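Here the working numbering is used: the first residue of the sequence shown is -11, the next is one more, and so on.
Even glycine gets a Cβ: it sits at the ideal position worked out from N, Cα and C.
As the structure is a prediction and not an experimental result, all values here were calculated from the model.
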Amino acid sequence: GSEPLSFPSRFSQTGWGQLKACLWKQHCSYWRNPSHNLTRIVFIFLSSTLCGLLFWQKAKDINNQQDLFSIFGSMYTLVIFSGI
-11 GSEPLSFPSR FSQTGWGQLK ACLWKQHCSY WRNPSHNLTR IVFIFLSSTL CGLLFWQKAK
49 DINNQQDLFS IFGSMYTLVI FSGI
């Protein structure tokens, strides 16, 4: 008679191989969507401009630690919000 199929492991790829395949697939699908990229670039430009306008010439008025943390916090928020 015949024997049931058996394989040396449960998965066809190692964990590292699966991670590389998933990252490559994400990379290809990301760059195949130009409208998403354009929207993201415009969004980052507008939000950066808005943040720049809000804190225009603010560096001249730093009197205490709270003013400095306010600027750092806005920069951190902008980076997190833009997804970089």
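Spatial neighbours of M63 within its chain, please: CB distance less than 8 Å, with the 5 preceding and 5 following residues excluded, ordered by chain position. Position 75 of the sequence shown holds residue 63. Taken in chain order, the residues that qualify are C39.
By the DSSP assignment, the alpha helix (DSSP H) with T2 in it spans what residues? As a first step, residue 2 is located in the sequence shown; it is residue number 14 there, counting from the start. Where T2 is concerned, there is no enclosing alpha helix (DSSP H), because DSSP gives it neither an H nor an E.
Between which two residues does the alpha helix (DSSP H) carrying Q45 extend? If you number the sequence shown from 1, residue 45 lands on position 57. Careful: Q45 lies outside any alpha helix (DSSP H) and carries neither H nor E.
My output table needs one value for S70: the three-state DSSP class, helix, strand or coil. By one-based count along the sequence shown, residue 70 stands at place 82. Of the three classes helix, strand and coil, the one that applies to S70 here is helix, per DSSP.
Straight-line gap, Q1 to W19 (C-alpha atoms, nearest Å): The residue labelled residue 1 in the question sits at position 13 within the sequence shown. The residue labelled residue 19 in the question sits at position 31 within the sequence shown. Straight-line Cα distance between these residues: approximately 25 Å.
Can you tell me the Cα-Cα spacing of T37 and S58, whole angstroms? As a position in the sequence shown, residue 37 is number 49, starting the count at 1. As a position in the sequence shown, residue 58 is number 70, starting the count at 1. Approximately 17 Å between the Cα atoms of the pair.
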